[in-house]
Amino acid sequence: ERFGVTIHRWADLDLKDDFDGAAALTANLDLVISPAMSAGELAGALGVPVWRFGARDWTQLGTGARPWFPTMRLFQPNPGEGLEVTLTRMAAELRRTASRRPPGQRPAAQQPDPAGTAKPDGDADRQMAEAVALYRTGAAEAAEVLVRQLLDRQPDHPVALHLGGVLAKRRGSLEEAQVLLTRASAADPQNASAHAALCEVQQGLGQFDAADRSSRACISLQPETVGHWVNRTALLRRIGQVEAARSAVTHALRLRPDLAPAHGHFAELATSPGDSVKAHQIAVSLTPAAADVLSNLGSALHKLLRFDEAARLLEHATRCDPGLAIAWTNRGNALEALGKVAEAEACHRTAIDLAPSLADAHGNLAYLLKQHGRQEEALAAFDAALEADPKHAQARYNRSLLLLETGTLRSGWADHEWRFATPQFRDQRRRLTMRAWRGENIAGRRLLVWREQGVGDELLFASCYEEAMRRAGRLVIECDRRLVPLFARSFPAADVRPETADPRDADLHIAAGSLSRLLRADLKRFPARPSWLVPDPKLVERWGERLGGLAAGAQG
């Protein structure tokens, strides 16, 4: 007994592993009270009344309820209130409900709110040398005048094309830089530096396949140049080729074991946060005053929830280089985790002032604003992040949660599709040989729906399975092994099984969390049915008898 409540546990029921048994037990209850966890989702999916307590979240979809679960009621703190106020309110409501409800009658459900270069010669040689000298001393405009004059006379001059491309890139004219550097690489295919510069420009233009080819050209021409391997690592990380990136940075460290940037990449590619911190610490030991290296270690410590250490290190990074924007926004993240919200916001805004095109800074500020209820400001900051980098997956995913939270479903679900490009979901993404379903007619086709995230999420996403079965000729459901019996009984027309390594028995596939984009585009498309899961009738009867015995004992 705790807090005046008798707690019952049964040795023959593992609530974390036996979901069929848990479902049968739950189906006999009059009310489930739960925070945001799978027990509440299971009860809601079974149609059992649920009181869920905690903060608002995106699954409310702009309403005062959770449209997925018609039998769920929410108890949430008002702004400025602590959770204890919410729990006190729940206790009072529970007393009122118990006093006025006839035995056996369940509490009413809450209804959803409606609401090396080639050598020139002669005059060209002298003019090119002068242009290079001007460029190296920072006189970029004067250098570009000479380069243009030379290209007017010799349009295929490889060094002039190369320097012209570098100068165009410097002033932000990426399309012009691409043209010049492509011509430079064609005029002198052995110029690895031109290929490297072209690779950078192609990445800036989002032409990652072309950038990969340019990167390979650099490596083949100068395989012992460690900088090419480090740059290739960065490219491979950016396009999500994690294993190839690990191979590239490992090669770089073989060439230069003391190269701090390579250790930094190695840390970002580590398979555990602890290994990441160790690699970043090596990088810091090699360059103890390098603000970017200090910032990377601070960010890694933040991921290990070592917020005090992270904040101290990031403060040191901003002192070492007050102009390093990424260090300021990383410092803001650490300060927010320590509850220093005003200081954190100031750090993010400093980062934005220093680097207005730094998407991370806008995205981090947006997340802070979102977490503290400043929704309009947060949306503007997310938009700024995505204007700076339209492919910033974390900002797009975080914006999706804000859009869904405010009821902007179509745009929210579209952004939600970026989740698998974020660090927290990247490992869950499945690359299957079959085509993804995008909402077209699939009558007569076999559709595979595969699991993602946690068990509670699977239970919520399963609310779409009945409709998916009606759309497809046959539905194949891959779920957590613990849910197989429950799902097989609930969706008897589907093939239900645990996750398989390489499924090939379907025509199309879709992640469970992506069904909502196609089937729940607005609140009107949420069915009014009270439940979608069916517990085992024999187990329900058995648990009814056991619970009835408890009630009889209490009355006696």
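Per the working numbering, the very first residue in the sequence shown carries number 267; after that it's consecutive. Ideal Cβ positions, reconstructed from N, Cα and C, are used throughout, including at glycine.
- In this structure, Ala500 is the residue among Asp524, Ile548, Ala500, Arg520 with its C-alpha nearest to the C-alpha of leucine 535.
- By the Cβ test, the segment 348–366 is not in contact with the segment 323–332, since fewer than three Cβ pairs between them sit closer than 8 Å.
- Ranked by Cα distance from alanine 625, the options Arg662, Lys606, Leu604, Glu643 are led by Arg662.
- Short of 7 Å from the beta carbon of leucine 725, and not among the five residues preceding or following it, lie these beta carbons of its own chain, in chain order: Ser304, Glu307, Leu308, Ala311.
- Taking all protein chains shown into account, aspartate 422 has fewer than 16 neighbouring C-beta atoms within 10 Å of its C-beta and is therefore exposed.
- Look at methionine 338 here: in three-state DSSP terms it is strand.
- Assignment of serine 623 by DSSP, reduced to helix, strand and coil, places it in the coil class.
- In this chain, the alpha helix (DSSP H) harbouring isoleucine 592 covers 591–603.
- One alpha carbon belongs to alanine 650, the other to leucine 620, and they sit about 15 Å apart.
- Separation of the CB atoms of arginine 322 and glutamate 671 is rounded to 7 Å, and the pair is thereby assigned contact status at 8 Å.
- Three or more Cβ pairs drawn from the segment 738–749 and the segment 758–770 lie within less than 8 Å of each other, which places the two stretches in contact.
- Taking 9 Å as the cut-off, the Cβ atoms of arginine 504 and isoleucine 485 do not count as close.
- Short of 7 Å from the beta carbon of valine 432, and not among the five residues preceding or following it, lie these beta carbons of its own chain, in chain order: Ala463.
- Counting along the chain, the unbroken beta strand (DSSP E) around valine 316 starts and ends at 316–319.
- 9 Å or more divides the Cβ of glutamate 581 from the Cβ of glutamine 637.
- Nearest Cα to alanine 302 within the set Thr325, Asp296, Lys282: Thr325.
- With a 10 Å radius around the Cβ and a threshold of 16 neighbouring Cβ atoms, serine 365 comes out exposed.
- The beta carbon of glycine 530 sits closer than 7 Å to the beta carbons of His546, Ala549, Val559, Asn562 from its chain, once the five residues preceding and following it are set aside; these are given in chain order.
- It is roughly 20 Å from the alpha-carbon of phenylalanine 474 to the alpha-carbon of serine 623.
- In the same chain as asparagine 294, and ignoring 5 residues on each side of it, the C-beta atoms closer than 7 Å to its own belong to Val806, Trp809, Gly810, Leu813, in chain order.
- Isoleucine 776 is a Cβ neighbour of tryptophan 716, given a cutoff of 9 Å.
- Counting only the Cα atoms, arginine 275 lies some 27 Å from arginine 355.
- Per DSSP, the unbroken beta strand (DSSP E) holding isoleucine 776 starts and ends at 774–777.
- The beta carbon of valine 351 sits closer than 7 Å to those of Pro343, all from its chain and outside the five residues before and after it, given in chain order.
- Secondary structure remark: continuous alpha helix (DSSP H) runs of at least 4 residues inside the segment 488–576, in chain order: 492–504, 508–521, 526–534, 539–552, 557–569.
- In the DSSP annotation of this structure, the continuous segment of the alpha helix (DSSP H) that includes serine 756 starts and ends at 750–756.
- Between alanine 627 and threonine 674, the gap from beta carbon to beta carbon reaches 9 Å or more.
- With 16 or more other Cβ atoms inside 10 Å of its own Cβ, alanine 557 counts as buried.
- About 4 Å separates the CB atoms of alanine 617 and alanine 591; that is less than 8 Å, so the two are in contact.
- Residue pairing by DSSP places glutamate 718 in no beta bridge whatsoever.
- Looking at Leu502, Gln488, Val314, the one whose alpha-carbon comes closest to that of proline 336 is Val314.
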